[in-house]
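Structure first, then comments.
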Amino acid sequence: MTVKNTDRCAVVTGGARGIGEAIVERLHRDGFGGIAVVDMDIAAARRTAERFGGGDCAVRAYACNVADRDQVDEVFAAIERELGPVSVLVNNAGITRDGMFHKMDNAQWDSVMAVNLDGVCNTCRAVIAGMRARGYGKIVNLASVSAFGNVGQTNYGASKAAVIGFTKCLARESAAKNITVNAVAPSYVDTEMLRAVPEQTMQRFLDAIPAHRLAQPSEIAAVVSFLCGDDSSFVNGECIVVSGGSYT
Ligand SMILES: NC(=O)c1ccc[n+]([C@@H]2O[C@H](COP(=O)([O-])OP(=O)(O)OC[C@H]3O[C@@H](n4cnc5c(N)ncnc54)[C@H](O)[C@@H]3O)[C@@H](O)[C@H]2O)c1
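Taken in order, the sequence shown gives residues 1 to 248; the numbers are from the UniProt record's numbering.
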């Protein structure tokens, strides 16, 4: 039996703004029947859901801190009740708390690990048994080229490198159940996350990008869309770098 996107429910964490919002927009265009916008910022998540909901696509906002395991379990149970079984999970929620390692405090380390790494574990745990039972699933994790090294990001780089390792291991465990698990590693994308970067540092970043510009969120969403669709059925355990030629 062929299952169409219209019969599938997708979850996008951190879907309220930035890359996540662009992913919601793209999956809406791809014809998903239900999209859950899961975010700590419920007001922004509602605005995103309102923008893209309607017609044949039910887009709903859910307040959730992905670092909180119990909250994730509750919210994913609500999503499955209201929108149906989760076929696609995009782990996009992420934070930075940059600083040189010798000055980094415990809170900077712990918060980044809790959201960027534990968050991915919590949401995957909430969906993996159902995906295995149904014999279908697509999981896409947002990593970063910082996993390959960046000044001031030992916490963030370590969390994203761990996400890439997690992705590759879960892909091997899940492939026989028709589940793909892939990662996307962008370089610098024009979102709120970069607003904290000082102008001089930003110029240094731009100088190092062969394309001489930041990525647009839609350019990351396009790659995520491919990994969420059936055209990527034999792509598994990959980390696709989207860097305008910076990391080749
Ligand atoms: N912007 C970049 O240059 C860049 C580069 C590489 C990778 N990334 C990754 O892409 C993803 C999205 O980045 P962005 O630039 O759109 O970020 P952003 O800061 O613009 O948006 C992140 C969204 O995640 C939500 N969020 C944060 N913590 C959360 C939590 N604990 N639970 C639920 N929601 C939470 C925020 O409310 C926000 O809506 C992140 O994983 C980030 O690490 C971004």
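No residue lacks a Cβ here, since even glycine has one placed at the ideal position from N, Cα and C.
Query raised in the report: How should R17 be labelled, buried or exposed, when 16 other C-beta atoms within 10 angstroms of its C-beta is the threshold for buried?
Result: buried
What is the DSSP secondary structure of N106, counted as helix, strand or coil? helix
Q. Can the beta-carbon of V112 be found closer than 8 angstroms to that of A185?
A. no
Identify whether V223 lies in helix, strand or coil by the three-state DSSP scheme.
Reduced to three states, the DSSP call for V223 is helix.
Next on the checklist: Do A22 and I220 count as a contact pair if the criterion is CB distance below 8 angstroms?
Outcome noted: In this structure, A22 lies closer than 8 angstroms to I220 by Cβ.
Are V163 and V120 close, meaning C-beta to C-beta below 8 angstroms? yes
How big is the Cα-Cα spacing for T13 and H102?
-> Between T13 and H102, the C-alpha separation is close to 31 angstroms.
- [ ] Give me the Cα-Cα distance between G152 and F76, rounded to the nearest whole angstrom.
- [x] 34 angstroms
Anyone know if the C-beta pair for G237 and R195 falls short of 8 angstroms? If you check the CB distance, G237 and R195 do not come in under 8 angstroms.
| field | Coarse secondary structure for P210, derived from DSSP in three states | value | coil
C9 - DSSP class collapsed to helix/strand/coil
DSSP, reduced to helix, strand and coil, places C9 within a strand of the structure shown.
Just to confirm, is the Cβ distance from N92 to L27 under 8 angstroms?
no
> Closer than 7 angstroms: is that where the CB of S246 sits relative to any heavy atom of ligand 1?
Replying inline: no
### Task
Look up K168 in the DSSP assignment and say whether it is helix, strand or coil.
helix
Where does T96 land, buried or exposed, given buried means 16+ other C-beta within 10 angstroms?
buried
- prompt: Given a threshold of 16 other Cβ atoms within 10 Å of its Cβ, counted over all protein chains shown, does N122 qualify as buried or as exposed?
  reply: Burial call: buried.
What residue ranges within the stretch 28-101 form continuous beta strand (DSSP E) runs of no fewer than 3 residues, ordered along the chain?
34-39, 58-63 and 86-91
Q) At which residues does the alpha helix (DSSP H) containing T123 begin and terminate? A) G119 to R134
Open item on the list: On the criterion of 16 or more Cβ atoms from any shown chain inside 10 Å, does E50 qualify as buried, or is it exposed?
Closed with: It is exposed - the Cβ of E50 has fewer than 16 other Cβ atoms within 10 Å.
Given that a residue counts as buried once 16 or more other Cβ atoms are within 10 Å of its Cβ, and exposed if not, what is K138? It counts as buried.
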